[in-house]
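What follows is a short report on a single structure.
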Amino acid sequence: MKTFISRVLLSLLILGAVVAVDFPGQPSVAAYGPEAQTSAQDTLKAFAAMRPIDVHVHVFKTDAAFQALLERLHLKLVNILVMDDTLPYRKELAPQVKDAQALVRSSHGHVALCTTFDPYKFGDASFTADAIKQIDQNFTQGAVAVKIWKNIGMEIKNSDGKFIMADDPKFEPIYKDIAKHGKTLMSHQAEPDVAWGPPDPSDPSWSYYQENPQWFLYNKPGFPSKQEILQARDHVLAENPDLRMVGVHLGSMEKSLDNIADHLDRYPNFAVDTAARMEYLMITPPEKVRAFLIKYQDRVLYGTDLDFLASADVHDVLKDWQSTYVRDWKFLATDETVEYNGKQIRGLKLPAPVLHKIFRSNALHWIPGL
Ligand SMILES: [Zn+2]
Numbered sequence: 287m288k289t290f291i292s293r294v295l296l297s298l299l300i301l302g303a304v305v306a307v308d309f310p311g312q313p314s315v316a317a318y319g320p321e322a323q324t325s326a327q328d329t330l331k332a333f334a335a336m337r338p339i340d341v342h343v344h345v346f347k348t349d350a351a352f353q354a355l356l357e358r359l360h361l362k363l364v365n366i367l368v369m370d371d372t373l374p375y376r377k378e379l380a381p382q383v384k385d386a387q388a389l390v391r392s393s394h395g396h397v398a399l400c401t402t403f404d405p406y407k408f409g410d411a412s413f414t415a416d417a418i419k420q421i422d423q424n425f426t427q428g429a430v431a432v433k434i435w436k437n438i439g440m441e442i443k444n445s446d447g448k449f450i451m452a453d454d455p456k457f458e459p460i461y462k463d464i465a466k467h468g469k470t471l472m473s474h475q476a477e478p479d480v481a482w483g484p485p486d487p488s489d490p491s492w493s494y495y496q497e498n499p500q501w502f503l504y505n506k507p508g509f510p511s512k513q514e515i516l517q518a519r520d521h522v523l524a525e526n527p528d529l530r531m532v533g534v535h536l537g538s539m540e541k542s543l544d545n546i547a548d549h550l551d552r553y554p555n556f557a558v559d560t561a562a563r564m565e566y567l568m569i570t571p572p573e574k575v576r577a578f579l580i581k582y583q584d585r586v587l588y589g590t591d592l593d594f595l596a597s598a599d600v601h602d603v604l605k606d607w608q609s610t611y612v613r614d615w616k617f618l619a620t621d622e623t624v625e626y627n628g629k630q631i632r633g634l635k636l637p638a639p640v641l642h643k644i645f646r647s648n649a650l651h652w653i654p655g656l
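Written as structure tokens, this is what we have:
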């Protein structure tokens, strides 16, 4: 009897703790319907047990509470640098590398660096040699990968006024150098289909273009088509079979798993990450997504595109990061429901060995040195 009473008391305590850790602004556990939903805290425990690796984040700050989260979740991050001439901090490479290296050093092995080079210097006579020298230096200091971004293909022009493409001969020695060092190219080329229009408020990326209209190309003549940009990317894959490339954001083929599958079949040196595109998987028929992830279980890396800006409030950041990990784990690992756009989406409940690959071992394989 005493044991029973203490069990009841224990259950009440656990229930209390579960209610207390529910994230503000999220629907309460009861709102999901009659089925029992695992608490956010228990979901994070299951996620942490995987010793997960998020291969796609942008962290601009060293913070004790953030570090505590990484330790609690047994989480490793690949922190990706991007050169963006529309943002003052992202315009300059050297300070970004310096800050990112300080973050890596203070992280006790929880953060690795994906460096980049400055494509805005494309016109310099010494551009290629300078880029190689700088990334080699970053490799020596521990960088595990190199990022190229959508400004190649969608923003930067050469001296003839033509958009520079990923397969430009000036980039080729850089790719050869990355391959020679056994490092990985993280390639963000093009954007979701909706960037080329027509306007579609139901698209998961729509709000991004409301906030960043410079990347919305509908009715803007003169820009390359999405197909041209991805063909240049594919040309790099074909010309560099020794170069491991991770096409971030589902390789910008977010609306066609068949197209991703074709690319994975054609290019053994190609894998994709899920960063900022999990919603597209949520709105694709679940049987199709499940079959795809099982068939290509060695070629998909878990990434989020979560960020931690220097100006951000750490409590908001912790809430945002944890609720993303809860949602993604529930969607891929359980048959519970997650909410997207007012709809309840049933989780895929992928087999445990597949989850282990997506959340961890594929990252170790595709990004050696992690
Ligand atoms: Zn990103």
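Going by my numbering, the sequence shown opens with residue 287, and the numbers climb by one from there. By construction, the Cβ of each residue, glycine as well, lies at the ideal position given by its N, Cα and C atoms. Note that this is a predicted model, so its numbers are computed, not measured.
Using 8 Å for Cβ pairs, my map puts residue i next to residue j. What's the rounded Cβ distance?
i	j	result
PRO459	ILE418	6 Å
VAL397	ASN365	5 Å
THR414	LEU367	The Cβ separation is near 19 Å, so there is no contact.
LEU399	ALA429	5 Å
THR560	LEU536	7 Å
ILE383	ASN444	The sequence shown places Val at residue 383, not Ile. Rounded, the Cβ-Cβ distance is 25 Å, inconsistent with contact.
ALA388	THR426	Actually they do not touch by this definition, with Cβ atoms about 17 Å apart.
GLY633	LYS616	5 Å
TRP652	VAL532	6 Å
ASN555	ARG530	6 Å
ASP528	ALA465	4 Å
TYR626	MET568	5 Å
Just to confirm the assignment, what range does the alpha helix (DSSP H) spanning residue i have?
i	result
LYS635	Per DSSP, LYS635 belongs to no alpha helix (DSSP H) and is neither H nor E.
VAL390	379 to 392
THR470	Counting along the chain, THR470 falls outside any alpha helix (DSSP H), though it belongs to the beta strand (DSSP E) covering 470 to 473.
THR401	THR401 -> not in any alpha helix (DSSP H); beta strand (DSSP E) instead, spanning 397 to 402.
PHE352	350 to 358
ASN648	648 to 652
GLN323	Counting along the chain, GLN323 falls outside any alpha helix (DSSP H), and DSSP gives it neither H nor E.
GLN496	492 to 497
SER609	600 to 619
ASP544	543 to 552
MET539	Note, MET539: premise wrong, no alpha helix (DSSP H); not H, not E.
PHE413	413 to 426
LYS581	572 to 581
PRO459	458 to 466
ASP454	No alpha helix (DSSP H) holds ASP454; DSSP gives it neither H nor E.
LEU567	564 to 568
LEU523	512 to 525
Mind checking which residues open and close the beta strand (DSSP E) that includes residue i?
i	result
TYR626	623 to 626
ASP593	592 to 594
LYS362	362 to 366
For residue i, which residues does DSSP report across the bridge?
i	result
ILE434	SER473
VAL532	MET472, ALA557
ILE339	LYS362
LEU587	ASP559
LYS443	PHE449
HIS344	ASP593
May I ask whether a heavy atom of ligand 3 can be found less than 7 Å away from the beta carbon of residue i?
i	result
PRO499	Looking at this structure, you won't find ligand 3 anywhere; what it does contain is ligand 1.
Does residue i have its Cβ less than 8 Å from a Cβ in chain B?
i	result
ALA417	The question asks about chain B, but that chain is absent: this structure has only one protein chain.
Measuring CB atoms only, is the segment 368 to 379 touching the segment 602 to 622, in the sense that at least three cross pairs come out at less than 8 Å? No, the segment 368 to 379 does not touch the segment 602 to 622.
Pocket of ligand 1 defined by Cβ to heavy atom distance under 7 Å: Listed by position along the chain, the residues with Cβ atoms less than 7 Å from a non-hydrogen atom of ligand 1 are HIS342, HIS344, ILE366, VAL368, HIS474, VAL534, ALA561, ALA562, ASP591.
State whether the segment 473 to 491 contacts the segment 534 to 552, with contact taken as three or more CB pairs (one from each stretch) at a distance under 8 Å. The segment 473 to 491 makes contact with the segment 534 to 552; the number of CB pairs closer than 8 Å reaches 3 or more.
Would you call the segment 343 to 356 in contact with the segment 587 to 604, where contact means no fewer than 3 C-beta pairs closer than 8 Å? Contact between the segment 343 to 356 and the segment 587 to 604 is established, with three or more Cβ pairs separated by less than 8 Å.
Is the number of C-beta pairs between the segment 428 to 446 and the segment 461 to 474 that are closer than 8 Å three or more? Result yes; three or more Cβ-Cβ pairs closer than 8 Å.
Would you check if the segment 635 to 653 and the segment 594 to 609 touch, i.e. whether three or more CB-CB distances between them fall below 8 Å? Counting Cβ pairs under 8 Å, fewer than three are found: no touch.
Mind the definition here: the segment 515 to 533 touches the segment 451 to 468 only if three or more C-beta pairs lie below 8 Å; say whether that holds. Yes: at least three Cβ pairs fall under 8 Å.
Between the segment 353 to 362 and the segment 322 to 339, can you find at least three pairs of beta-carbon atoms closer than 8 Å? Short answer: they touch.
Inter-stretch contact at 8 Å, needing at least 3 Cβ pairs: the segment 490 to 500 / the segment 544 to 552: Not touching, per the Cβ criterion.
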